[in-house]
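Below is one structure, written out as structure tokens; the observations come after it.
Chains as they are written, first to last, in the working numbering: chain G, 1 to 315; chain E, 1 to 473.
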């Protein structure tokens, strides 16, 4: 498993990394922490590079590196990084880099899992999405300030864009709680099954309780919903996860947001792959991310795995 | 399909620019403007659109200017290439090479030590010291070089001032902006302070056969720099009250970092000596042998002594900028030769006549505002390159001093204090991560107002005592 964690040095982002460190450690995942430094548009990269070199001569870090170092300390606290790179004098040098593209530092953990600290420059959502695409990650974890009045709507837009456009699964972490009570939403689709498998891995790593929920749009659909949760329960049981089941009727996004109040993490598949449909109807997962009170794990198939399977079929 | 739409959306300004240029070409020429004048005007307007919207790397615009001058038959290929490269362009190139050589040395550490040795630990004195040194160096070499050298000094001061840098708001803004504003405000001090100054010298000579020497330029504008330095300090200290008054800890840190370097080396000494020789030659003999050739003497000396390496030049100099200046000058000359500059100048003068801005000091004020407006949407070099042919003709038509108008155009293009993208200097200090955009606005508008006021006072008072080449007041 390869996880990309995003930080901007704010407490909520570091809270998300602490949370991510917990299950990343259990899963022996490779972790990359990314900080995106905002850059003035039209900034002249040649002059900026000159300035960077001077800063290097003075032994000054590129601004933002301290956030990455703090993230590293957090991950070390979770047991992910075995040694402190500070002692290694060669390490500081690897942070130096050009003004364009990513600058990175590698650390190796106890179980040979890798932690990489990466710094990119540009517009945050765009750079995170570029990194997520290039690095073939399985999961992007990003914090969100949660709802604190009007301003959070705009702040959250980066997280929302990542949730919408990332090529892999996304965990939007806000209002993280100590307990880990999972709410898995299923609609019986293939993607929902994927979400159960993926969610079960993390639930196991966190030693969490799991509730499976299916929402019927109309009371007549309750029976089908019953069947869906039973199937999900079976899948989870095979993986060794005990789950409670629940069936409700109503508008899916509203019901899920309501149920989420009593749970700590919502797991769901990223439905509605057509951009046109999403534009007109809105997407249930995005509504839950925007208005829900707890972290949301949005499971999505990686495109390259699809490509690999088709090529295998072709071969 | 999706990609095509994305491509078109991203490149929409290219289409818009060419479309507008084409429409202008197809219109019947307005009275008083020749067909080739209309062609060069079409190129100018298209170039402005590209410079403002940046739909392609900006040097491309300069390349296109040259290409279309030939394709539209405004000038022959030999004439166009000759208008691209001139002594002024060599001068810009040489100045950048010299600056790059200086920035490569470790002079910044010695400079830092010298500053704090004189100023002591009081924050106000340190700030004034930073501004004075920034301004002094930036009045002779490009502002970006000065900021690259001074920025680590400022960052070290901030990082070890005592409290966590994140908890400081005013001190970082104060120190970083002192460096940037000091450099930007002083860039007007001598012809080698900024490429736009060199462009102005080129225009005076090539469009009006007016000769202004290196020393004359300093005589006209250095007084502004001298008055500006305390004003910058005053504005910044009023705007950002520092949280820390005593910088003893920072200065200790600075000393310990510099101590690692050891004593001054012969290399440092030669770097400074060759630079001073070059400035001396600029002041004394550049009238006879040209500013560009003089700069090349300095460059050759640096290369022969092994102080500079050619690889540094190819990596550390923005060659695209030199193209932009070449293209802008070439277009300016085409606009003069085809009468487009004169026609536009007449048109502008007619427009501002009802406001009484069509001559003398009021016109200089108008030119300054126009330049500032244009410099706020595109780079200051391109602003001077495209605007000066028009403003100089406005001066010529209205009997205002051509030199004074040119000076106002060159100086006002540097009044880009309000945004981090206005000048390389501001962009660089912004990249330190210690500043917010709002900091630039907070202090920048005051800088703009004060600088403009000072420039007008100079035009009204000091300049009237001087006899400018070409006459006119």
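Think of the CB as a built atom: it goes at the ideal place given N, C-alpha and C, for glycine as much as any other residue.
| Asked | Found |
| --- | --- |
| Using the DSSP secondary-structure output, state which residues sit across from residue 6 of chain G in a beta bridge. | G:34 |
| As a quick exercise: from E:40, E:236, E:355 and E:101, pick the residue whose alpha carbon is nearest that of residue 474 of chain E. | Nothing can be reported for residue 474 of chain E: it is not among the residues displayed for chain E, which extend from 1 to 473. |
| Apply the 10 Å Cβ neighbour rule to residue 69 of chain E and answer buried if 16 or more other Cβ atoms are within range, or exposed otherwise. | buried |
| So which of E:60, E:116, E:149 and E:8 has the shortest CA-CA distance to residue 104 of chain E? | E:149 |
| DSSP three-state label for residue 237 of chain E, please. | helix |
| Compare the C-beta of residue 287 of chain E against all C-beta atoms of chain G and say whether one is closer than 9 Å. | no |
| Within a Cβ cutoff of 6 Å, which residues of the same chain sit near residue 87 of chain E, ignoring the five residues on either side of it in sequence? | 290 and 292 |
| Beta-carbon separation of residue 154 of chain E and residue 136 of chain E under 9 Å? | no |
| I want to see whether chain G comes within less than 9 Å of residue 376 of chain E, judged by CB atoms only; does it? | no |
| Along the chain, where does the beta strand (DSSP E) that runs through residue 216 of chain G open and close? | 209-216 |
| Look at the Cβ atom of residue 186 of chain E, then the Cβ atom of residue 228 of chain E, and state whether they are nearer than 9 Å. | yes |
| Check whether the stretch 395-403 of chain E touches the stretch 437-447 of chain E, counting contact only when three or more Cβ pairs, one atom from each stretch, lie closer than 8 Å. | no |
| Closest by CA to residue 454 of chain E, which one among E:391, E:223, E:267 and E:259? | E:223 |
| Out of E:361, E:461, E:431 and E:391, state which residue places its alpha-carbon closest to the alpha-carbon of residue 52 of chain G. | E:431 |
| For a contact meaning CB atoms closer than 7 Å, what does residue 178 of chain E contact in chain G? | Going along chain G, no residue has its Cβ under 7 Å from residue 178 of chain E, so there is no contact; the nearest lies around 16 Å. |
| On a CA-only basis, which of E:277, E:203 and E:269 is nearest residue 332 of chain E? Give me that one, please. | E:203 |
| Measure the C-alpha to C-alpha separation of residue 101 of chain E and residue 302 of chain E and round it to an integer number of angstroms. | 8 Å |
| Between E:338, E:258, E:190 and E:246, which has its C-alpha nearest residue 152 of chain E's C-alpha? | E:258 |
| Comparing alpha-carbon positions, which option in E:243, E:380, E:277 and E:280 lies nearest residue 164 of chain E? | E:243 |
| Between which residues of its own chain and residue 458 of chain E is the CB-CB distance below 8 Å, once the five residues before and five after are set aside? | 223 and 224 |
| Count the other C-beta atoms from every protein chain shown that fall within 10 angstroms of the C-beta of residue 337 of chain G, then say buried if there are 16 or more, exposed otherwise. | Residue 337 of chain G lies beyond the residue range present for chain G, which begins at 1 and ends at 315; the question has no answer from this structure. |
| Starting from residue 269 of chain G, trace the beta strand (DSSP E) both ways and give me its first and last residue. | 265-269 |
| Relative to chain G, which residues along the stretch 116-146 of chain E have a C-beta separation below 7 Å, given in chain order? | 144 |
| Determine whether the beta carbon atoms of residue 140 of chain E and residue 193 of chain E lie at a separation below 9 Å. | yes |
| So who's on the other strand from residue 246 of chain E, going by DSSP bridges? | E:122 |
| For residue 173 of chain G versus residue 141 of chain G, is the C-beta distance shorter than 9 Å? | yes |
| Can you tell which of G:264, G:132 and G:25 has its C-alpha closest to the C-alpha of residue 114 of chain G? | G:25 |
| Below 9 Å between beta carbons: does that hold for residue 286 of chain G and residue 267 of chain G? | no |
| Between residue 434 of chain E and chain G, is the shortest Cβ-Cβ distance under 9 Å, so that the two count as touching? | yes |
| Kindly list, in the order they appear in chain E, the residues whose Cβ is closer than 7 Å to that of residue 64 of chain G. | 433 |
| Check whether chain G comes within 9 Å of residue 317 of chain E, counting only Cβ atoms and requiring the distance to be less than that. | yes |
| Would you list the one or two residues that DSSP bridges to residue 184 of chain G? | G:212 and G:267 |
| Who are the neighbours of residue 48 of chain G on chain E, taking C-beta pairs under 8 Å? | 427, 428 and 431 |
| Would residue 3 of chain E be called buried (16 or more neighbouring beta carbons within 10 Å of its own) or exposed? | exposed |
| Out of G:61, G:213 and G:123, which one is the CA nearest neighbour of residue 159 of chain E? | G:61 |
| To be precise: take each residue of the stretch 266-277 of chain E, compare its Cβ to all Cβ atoms of chain G, and keep it if any distance is under 7 Å. Which residues remain? | none |
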